[in-house]
Every structure is written in C-alpha cells, then in structure tokens.
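Per my numbering: the sequence shown = residues 25 to 252.
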Amino acid sequence: MLNVFVKKSAEELHVQLSDGRMMLLEDLVRDYERLLKEESSKKAIISETKDDKTITSELKVGEWFRIDRDVIARNREKIRCKCDEAGTEGKAIWKRFEKSNKIADENPDQYTRLIETYIFEHNWEYKTEQKMRDMCEDVGDGMCDEIICDFELQMRICNGESVVDLLQKADKLPRVRVIKLRNGGTGYFGGGADNNIGVPPADLDRNDFNPNNLNCGDVPYAFRRVLS
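Okay, structure coming up:
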C-alpha cells in the first residue's frame, strides 16, 4: 500500500505518494473509487465464469437449485403440518424426511448446511450408469443420493409447493433423474414428463448399480457442497 502524508496549502489539499509525486487528494480518491469498481467487476465476472450456471430457488433443468438446511430446520413444524394434512401418504413421507434428516445430522461433512443440485439437460442418445456418475463428478461433488432428494422436497415445500402435488401430481420435469443410493445402488427420482411417465416428484425407485447399463431416457442428478 502507498505511504502518503497530507500537506495543507492555501487553496488545495495535496498528498505526496511514496514515489515522490504530489497529487490532489480529490483526484486520488477518484482514482481509488474507479479502481475499486473495476476490481469488483472483475470478481463478478470470475464468479460467473466459475459457477457457469445460474443459482435458483425453483427447480429447473440446467440451473443449480439451492437447498438451505437451516431454512428446512426452521420450518420443521410447518413441513410436518403440511405433510399431516396430506393424509396417509403425507405422514409416510414425513417419516422418510425425519429419517433422512437424522442421517444427515450424523454425517455433517457429507451433508453440509448448504447444498446445490443440478439436473442435466438430455441431449444424447444414451449414457452408461457409470458415465452418468462421472458427469456428476465433473460438475460438482458427485451424484445426489436419496437423502439429498428428501432435502430437495423439503426445500420445495419451504418455497411454497404443495405436499399433495409433490406426492400425487405428475412431475413436470422432462426426465426421470438418476441418483446414487447410499448403499451404492441406482435410484430413479421423479421426472418423466417428456416420456408421459406420469410419476409424481416424490416418487423414488431403487435398483442395483450396473456400470455398463445403457440408459437412453433419464438424466443424472448432481450435487455440490457449499461451504459457508
């Protein structure tokens, strides 16, 4: 940082820089403000380039969806009440949420308080299950599991979505999402509007992992941890 000292003159306030140059204080402040704005702009550009995708509070293909577990925790009773109001299915999924939240609390390094998830756009003929997992490693910290999927549903409830819709209405997302189960198996979560499958967003099927299995219609579901 430049060393300066102030000299008072009869008319203007000057500063002397460490290289001996004299400069009006007003001009020095103006230059400093300009450089500060330029630096802020550079940081914004770097941040956008690094993320390369928009972060949103609405689940969309090709954008990072923000899950805040602190918001979920603060709205725990609200979520429970909305699940209870949805009847037998709602009570069942609340138990599922409670189990997932407990697992996450016991594994804080694996499940950070902030998590972002990403749905790939389907633009290929087919992918192997192993390739889908590799794609998730390339963009984030890996493929979502059933715990993160339950976080997603709870976050969507916090964001105003109906529990009944999540449990019963056909998912509007175009493709079923492929996830990696905690036991290493492969899961299939929601989606399927493009193929008229008609499953609800909370639907979760489980299968064994076959790295060479060719998948034509589904998309991988990735996540990344966000450190506060």
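Don't be surprised by glycine CBs; every beta carbon is placed ideally from N, CA and C.
Is I79 buried or exposed, if buried means 16 or more other CB atoms sit within 10 Å of its CB?
exposed
Quick check on N234: buried or exposed, where buried means 16 or more other Cβ atoms within 10 Å of its Cβ?
exposed
Taking all protein chains shown into account, decide if M46 is buried (16 or more other Cβ within 10 angstroms of its Cβ) or exposed.
exposed
Would you please state the rounded distance, in angstroms, between the beta carbons of G214 and P224? I believe it to be under 8 Å.
7 Å
Would you kindly work out how many angstroms separate the C-alpha atoms of D232 and M156, rounded to a whole number?
15 Å
Taking just the CA atoms, how far does R54 sit from H38?
14 Å
Please state whether DSSP places R100 in a helix, a strand or coil.
helix
Residues near Y150 in its chain [Cβ-Cβ closer than 7 Å; skip 5 each side]:
L238, N239, C240
CB-CB under 6 Å to D242, same chain, minus the five flanking residues each way: which ones, in chain order?
R199, V200, V202
C-alpha distance - A128 paired with T112, whole-angstrom precision:
25 Å
Residue interval of the beta strand (DSSP E) (run including T141):
138-143
Report buried or exposed for E145, applying the criterion of at least 16 other Cβ atoms within 10 angstroms of its Cβ.
exposed
Counterpart residues of A246 in DSSP-defined beta bridges:
Y142, M167
Which term fits G208, buried or exposed, when burial requires 16 or more other beta carbons within 10 angstroms of its beta carbon?
exposed
Find the nearest neighbour of D227 within the set A217, N220, D195, F247, judged by alpha-carbon distance.
D195
Identify every run of the beta strand (DSSP E) within the stretch 162-237, keeping only runs that are complete inside it and at least 3 residues long; order them along the chain.
201-204, 210-213, 228-231
With R90 as the anchor, note down where its beta strand (DSSP E) starts and where it stops.
88-92
Please report the residue range of the alpha helix (DSSP H) in which E122 lies.
111-130
Taking C-alpha atoms, which residue in T141, V163, S186 lies nearest to R90?
T141
Taking the C-alpha atoms as reference points, what is the distance between K67 and R248?
For K67, the predicted structure reports a pLDDT of 42, less than 50, and the residue's modelled location is therefore unreliable. A value from the coordinates is still provided. Cα to Cα, the separation comes out at about 21 Å.
K204: buried (16+ other C-beta within 10 angstroms of its C-beta) or exposed?
buried
Between the Cα of Q178 and the Cα atoms of E87, D92, E50, which residue gives the shortest distance?
D92
Starting from L48, trace the beta strand (DSSP E) both ways and give me its first and last residue.
46-48
May I ask you to report which of helix, strand or coil DSSP gives K155?
helix
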